[in-house]
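With positions in the sequence shown counted from 1, the corresponding number in the numbering used here is that position plus 497. Glycine included, every Cβ here is placed at the ideal spot set by N, Cα and C. Here the structure comes first, spelled out in structure tokens, and everything after it is commentary.
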Amino acid sequence: MSLPLSYALMAGLVAALVLILTWGARFSSKDVAGIPAVRLNAADWMLLGFMVSLAILSAICVSRELPKYYPADSAQVVFLPTLLIQTLFILVAVLFKKFADAKFRYCVVIDAKTLGMALKFFALAISCVLLCGILINLFSLTFFGEIPESQDIIEVFIGIDSFSVKILAVISIGILAPISEEIVFRGLVYRTLKGIAFFRGTLNAVFAASVSSLLFSAIHANAFVFLPLFIMGMILAASYEKSGSIVVPMLVHSLFNFSNIFLLSLNESVCR
Numbered sequence: 498m499s500l501p502l503s504y505a506l507m508a509g510l511v512a513a514l515v516l517i518l519t520w521g522a523r524f525s526s527k528d529v530a531g532i533p534a535v536r537l538n539a540a541d542w543m544l545l546g547f548m549v550s551l552a553i554l555s556a557i558c559v560s561r562e563l564p565k566y567y568p569a570d571s572a573q574v575v576f577l578p579t580l581l582i583q584t585l586f587i588l589v590a591v592l593f594k595k596f597a598d599a600k601f602r603y604c605v606v607i608d609a610k611t612l613g614m615a616l617k618f619f620a621l622a623i624s625c626v627l628l629c630g631i632l633i634n635l636f637s638l639t640f641f642g643e644i645p646e647s648q649d650i651i652e653v654f655i656g657i658d659s660f661s662v663k664i665l666a667v668i669s670i671g672i673l674a675p676i677s678e679e680i681v682f683r684g685l686v687y688r689t690l691k692g693i694a695f696f697r698g699t700l701n702a703v704f705a706a707s708v709s710s711l712l713f714s715a716i717h718a719n720a721f722v723f724l725p726l727f728i729m730g731m732i733l734a735a736s737y738e739k740s741g742s743i744v745v746p747m748l749v750h751s752l753f754n755f756s757n758i759f760l761l762s763l764n765e766s767v768c769r
């Protein structure tokens, strides 16, 4: 592909991405239900830090023991600790809400309006992430001569032969990951950042969404998906604010992950 054509395609993709994000920002700013900030005292921060550290250490201990029973590069070694940490993070969120001095709710609302809003934000999220992914691949191909490698977890998922292990992987990616990550990054991190931010009003929410989205991107440990996941995190925070229900970002996240699983499975079937 010639450089002028590559530049033209990249400019078109950037323009399309900006237009979609602009529409998304306008859509998100209308009829906002709002999510209250959570303000933690010193004891709450210590409790949360202890519980999160304990969950992470437990998962690390399990991950170190698994290679004794399974090959080091097997799906079990990847997904069993992941399932554990996801389950533990959900437990941490539930227990922290129960024992923290700060009184708050995660705002679980499920109705027809919630489901409809989730579908709209899913369409927004997948459009932006796909455009961003194509843009990054085109940029990498133009300037570095190669397309970025897939995330390790994707390669592991594609290589799973056992049906039972693949079911566990689907549960982890499509169900537990959206629940655990949304309850942590949107339900806790986003709202506590709103509680300590120095801004007011919309700027406060933008600051909290930006920082929580940066952390959300960073845990996936892949430079080439950092920007798409950051945009995804911002959209998920906006969906939480607009709907007033943690269920909406969970559903958007779950639909997004299931769509990836479907595309991976379809690609795997075609290649066989």
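- Annotation: Gly684 to Val722 spans about 23 Å, alpha carbon to alpha carbon.
- Here the alpha carbon of Ile582 sits roughly 29 Å from the alpha carbon of Leu621.
- Spatial neighbours of Ser736 in its own chain (CB-CB distance under 8 Å, excluding positions within 5 residues in sequence) are listed in chain order as Ser525, Met614, Ala615, Phe618, Val745, Pro746, Val749.
- If you draw a straight line from the Cα of Ser709 to the Cα of Phe576, it is about 24 Å long.
- Taken through DSSP and simplified to helix, strand or coil, Gly531 comes out as coil.
- Per DSSP, Gly730 is one residue of the alpha helix (DSSP H) stretching across 723-740.
- By the C-beta criterion, the stretch 547-557 is judged to be in contact with the stretch 586-598, since at least 3 inter-stretch pairs fall below 8 Å.
- Listed in chain order, the non-local C-beta contacts of Ala734 below 7 Å within the same chain comprise Arg683, Tyr687, Ala706, Ser709, Ser710, local neighbours out to five positions each way being set aside.
- By the CB criterion at 7 Å, Ala513 and Leu628 fall inside the cutoff.
- C-alpha of Leu638 to C-alpha of Ile623: approximately 22 Å in a straight line.
- Taking 7 Å as the cut-off, the Cβ atoms of Leu585 and Ala552 count as close.
- In this structure, the beta-carbon distance from Ile587 to Ser677 falls below 7 Å.
- Straight-line spacing of the CA atoms in Ala597 and Leu537 works out to 8 Å.
- In the three-state reduction of the DSSP assignment, Asn634 falls in the helix class.
- Restricting attention to alpha helix (DSSP H) runs no shorter than 4 residues, the stretch 647-706 encloses them at 649-655, 660-668, 674-681, 688-693, ordered along the chain.
- Apart from the 5 residues on each side of it in sequence, Ile607 sits with its Cβ closer than 8 Å to the Cβ of Ser742, Val744 in its chain, given in chain order.
- Restricting attention to Glu562, Phe713, Tyr567, the CA atom closest to the CA of Val662 is found in Tyr567.
- DSSP, read as helix, strand or coil, puts Asp541 in helix.
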